[in-house]
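A.B. asks:
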Amino acid sequence: MMTDGIVADISELIDLKRYARSVKFHPQKKIVRAGNHVSKIRGRGMDFAEVRNYQPGDEIRHMEWRITARTGKPHVKLYEEERERPVVVIVDFNPSMYFGTRVAFKSVVAARLASLIAWTTVKQGDRIGGLLFSADRHSEYVPMGRDAGVLTLLSGLSQYSKEKNFHYEISGKPLSQALLRARRVIRPGSILVLISDFYNVDNIVKDHLSRLRVNNEILAYHICDPLELSPPRPQQYAISNGSQELLLDTADDKVSQAYSLYCDNRIENLRAMLKSLHIQYAQVTAEMDVAWVVRGTFPRRN
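Quick note, the sequence shown lines up with residues 1 to 302 if you use full-length UniProt numbering.
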């Protein structure tokens, strides 16, 4: 049940649970451990990797006795273990997100997307956490499992979507500040899901993302309104930021071309930066089916 698109009601975010599907995580790195049985923790298992010489600290129960007897030297079994992957959604609720010309505000699209990712994560058996930020505050949610963890996060998403004190003339909080906080609190080995319109990107963002990328997977969802992708139909439009107004004449070819060039360059620059860091990029608009988006992009394309 979707609401009017101005705010994300908690009931609609809870309702998204029915669209969640189990997915398989594909971490780029696996860790090798000594062991002789399959782990039952969170449904994760261990696949046999190799046998190596015994090293001080290895447990006797992990010995490979047949090779030890044949070679006369102690050996242990090694297994590759797929690690638990906590998922942390970092969601931008800066003033520019409270905008939309079709279907819903970008802030609502972001809340819906984050919610479905949260439901998908716990359905898989992993923990979900979050870092939500606006121009004047931020909230942190420690990764938790089961529905209780999701509901706490969903409550925050709904509350942020209902912000009443935003003003378009107020500068948004730089994304770099949220990423700096993420570097301090997010556990290595996590999957970070960055949801934003990427208007408040400064020169430090790339460095923070690069450092986060060393020990984590990162997915970037770019929330866009159709007006941010191409100019509206040829006509004169009165545009205001709440304190100033201007007249946009898209019937003027030069204006229309400059508008298109700005939109294209902004997106290409963002995509190029993320690609250089091996971060997956996905563009999302309010007209897209959020369930389809999640199924096609989360946790990552194979």
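Yeah, the Cβ is synthetic: ideal placement off N, Cα and C, and Gly gets one too.
What separation, rounded to the nearest whole angstrom, lies between the Cα atoms of Met-273 and Thr-297?
C.D. replies: Taking the sequence shown and counting its residues from 1, the one referred to as residue 273 is at position 273. Taking the sequence shown and counting its residues from 1, the one referred to as residue 297 is at position 297. For Met-273 and Thr-297, the distance between alpha carbons rounds to 19 Å.
A.B. asks: Roughly how many whole angstroms lie between the Cα atoms of Pro-226 and Lys-77?
C.D. replies: Residue mapping note: residue 226 aligns to position 226 of the sequence shown, counting from 1. Residue mapping note: residue 77 aligns to position 77 of the sequence shown, counting from 1. Rounded to whole angstroms, Pro-226 to Lys-77 spans 56 Å at the Cα level.
A.B. asks: Below 8 Å on the Cβ atoms is my guess for Gly-156 versus Tyr-141; work out the distance and round it to an integer in Å.
C.D. replies: Residue numbering aside, residue 156 sits at position 156 when the sequence shown is read from its first letter. Residue numbering aside, residue 141 sits at position 141 when the sequence shown is read from its first letter. About 6 Å separates the two Cβ atoms, so the contact holds.
A.B. asks: Considering only the beta carbon of each residue, do Val-51 and Ile-67 sit closer than 7 Å?
C.D. replies: What you label residue 51 is simply residue 51 of the sequence shown in a count that begins at 1. What you label residue 67 is simply residue 67 of the sequence shown in a count that begins at 1. Yes, the pair counts as a contact, with Cβ atoms nearer than the cut-off.
A.B. asks: If you draw a straight line from the C-alpha of Arg-61 to the C-alpha of Ala-69, how long is it?
C.D. replies: By 1-based counting over the sequence shown, the position of residue 61 is 61. By 1-based counting over the sequence shown, the position of residue 69 is 69. Computed Cα separation, rounded: 15 Å.
A.B. asks: Given a cut-off of 7 Å on the beta-carbon distance, is the pair Asp-92 and Ser-190 in contact?
C.D. replies: One-based indexing of the sequence shown puts residue 92 at position 92. One-based indexing of the sequence shown puts residue 190 at position 190. For Asp-92 and Ser-190, no; Cβs fall outside 7 Å.
A.B. asks: Taking 7 Å as the threshold (C-beta atoms), are Arg-18 and Val-290 in contact?
C.D. replies: In the sequence shown, residue 290 corresponds to position 290, counting from 1. In the sequence shown, residue 18 corresponds to position 18, counting from 1. No, they are not a contact pair.
A.B. asks: What is the rounded straight-line gap between the Cα of Ala-286 and the Cα of Phe-99?
C.D. replies: Against the sequence shown, residue 286 aligns to sequence position 286. Against the sequence shown, residue 99 aligns to sequence position 99. Near 11 Å, if we compare the C-alpha coordinates of Phe-99 and Ala-286.
A.B. asks: Would you identify the three-state DSSP class for Tyr-281, choosing helix, strand or coil?
C.D. replies: Within the sequence shown, residue 281 is the residue found at index 281, counting from 1. DSSP places Tyr-281 in strand when its eight states are reduced to three.
A.B. asks: Ile-41 to Ala-258, Cα distance in whole Å?
C.D. replies: Numbered from 1 along the sequence shown, position 41 holds the residue referred to as residue 41. Numbered from 1 along the sequence shown, position 258 holds the residue referred to as residue 258. A caution first: Ile-41 carries a pLDDT of 34, below 50, which makes its placement in the model unreliable, though a value can still be read off. Those two C-alpha atoms are separated by around 55 Å.
A.B. asks: For the candidate residues Thr-152, Ser-107, Ala-110, whose alpha-carbon lies nearest to that of Gly-129?
C.D. replies: Mapped onto the sequence shown, residue 129 falls at position 129. Comparing Cα positions, the closest option is Thr-152.
A.B. asks: Excluding the five sequence neighbours on either side, which residues of its own chain have a C-beta within less than 7 Å of the C-beta of Pro-231, listed in chain order?
C.D. replies: Here residue 231 is taken as the residue at index 231 of the sequence shown, counted from 1. Taken in chain order, the residues that qualify are Thr-250, Ser-256, Tyr-259, Ser-260.
A.B. asks: What is the DSSP secondary structure of Met-97, reduced to helix, strand or coil?
C.D. replies: For the purposes of this step, residue 97 is taken as the residue at position 97 of the sequence shown. Helix at Met-97.
A.B. asks: Considering only the alpha carbon of each residue, which of Thr-121, Ser-158, Met-63 lies closest to Ala-110?
C.D. replies: Here residue 110 is taken as the residue at index 110 of the sequence shown, counted from 1. Looking at the Cα atoms, Ser-158 is the closest of the given residues.
A.B. asks: Tell me whether the beta-carbon of Ser-176 lies closer than 7 Å to the beta-carbon of His-208.
C.D. replies: Locating residue 176 in the sequence shown gives position 176, counting from the first residue. Locating residue 208 in the sequence shown gives position 208, counting from the first residue. Taking 7 Å as the Cβ cut-off, Ser-176 and His-208 qualify as a contacting pair.
A.B. asks: Identify which residue in His-278, Asp-15, Trp-292, Ile-90 has its Cα closest to the Cα of Ala-114.
C.D. replies: Counting from 1 along the sequence shown, the entry for residue 114 is found at position 114. Ala-114 has its Cα closest to that of Ile-90, out of His-278, Asp-15, Trp-292, Ile-90.
A.B. asks: Around the Cβ of Ser-171, are there at least 16 other Cβ atoms within 10 angstroms (buried) or fewer (exposed)?
C.D. replies: Your numbering for residue 171 matches position 171 in the sequence shown. Looking at its Cβ environment, which holds fewer than 16 other Cβ atoms inside 10 Å, Ser-171 is exposed.
A.B. asks: Taking buried to mean at least 16 other C-beta atoms within 10 Å of its own C-beta, is His-37 buried or exposed?
C.D. replies: Counting from 1 along the sequence shown, the entry for residue 37 is found at position 37. Legend: pLDDT at His-37 = 33, less than 50; position of this residue unreliable, no value from coordinates given.
A.B. asks: Need the endpoints of the beta strand (DSSP E) that Ser-196 sits in, please.
C.D. replies: Numbered from its first residue, the sequence shown carries residue 196 at position 196. Element bounds for Ser-196: 191-196.
A.B. asks: Could you have a look at Gly-125 and say whether DSSP puts it in helix, strand or coil?
C.D. replies: As a first step, residue 125 must be located in the sequence shown, where it is residue number 125. Coil at Gly-125, not helix or strand.
A.B. asks: If you scan the region 196-282 from start to end, which runs of the beta strand (DSSP E) of 3 or more residues do you find wholly inside it?
C.D. replies: Runs found: 217-223, 236-240, 245-249.
A.B. asks: Could you tell me whether the Cβ atoms of Val-7 and Lys-162 are closer together than 7 Å?
C.D. replies: Counting from one through the sequence shown, the residue named residue 7 turns up at place 7. Counting from one through the sequence shown, the residue named residue 162 turns up at place 162. Yes, the Cβ-Cβ distance between Val-7 and Lys-162 is below 7 Å.
A.B. asks: Going by beta-carbon coordinates alone, are Trp-119 and Leu-194 separated by less than 7 Å?
C.D. replies: The residue labelled residue 119 in the question sits at position 119 within the sequence shown. The residue labelled residue 194 in the question sits at position 194 within the sequence shown. Going by C-beta atoms, Trp-119 is not nearer than 7 Å to Leu-194.
A.B. asks: Please specify which runs of the alpha helix (DSSP H), each continuous and at least 4 residues long, are wholly inside the region 139-166, giving them in chain order.
C.D. replies: The region 139-166 contains these whole alpha helix (DSSP H) runs: 146-161.
A.B. asks: By a C-beta neighbour count over all protein chains shown, 10 Å radius and 16 as the cutoff for buried, is Asn-269 buried or exposed?
C.D. replies: Locating residue 269 in the sequence shown gives position 269, counting from the first residue. Asn-269 should be labelled exposed.
A.B. asks: Let me check understanding here. Comparing Cα to Cα, which of Tyr-199, Asp-4, Leu-219 lies closest to Ile-117?
C.D. replies: The sequence position of residue 117 within the sequence shown is 117, counting from 1. Per the Cα distances, Leu-219.
A.B. asks: Just how far apart, CA to CA, sit Ala-148 and Asn-203?
C.D. replies: Residue numbering aside, residue 148 sits at position 148 when the sequence shown is read from its first letter. Residue numbering aside, residue 203 sits at position 203 when the sequence shown is read from its first letter. Roughly 37 Å between the two C-alpha positions.
A.B. asks: Does DSSP put Glu-12 in a helix, a strand or coil?
C.D. replies: If you number the sequence shown from 1, residue 12 lands on position 12. Of the three classes helix, strand and coil, the one that applies to Glu-12 here is helix, per DSSP.
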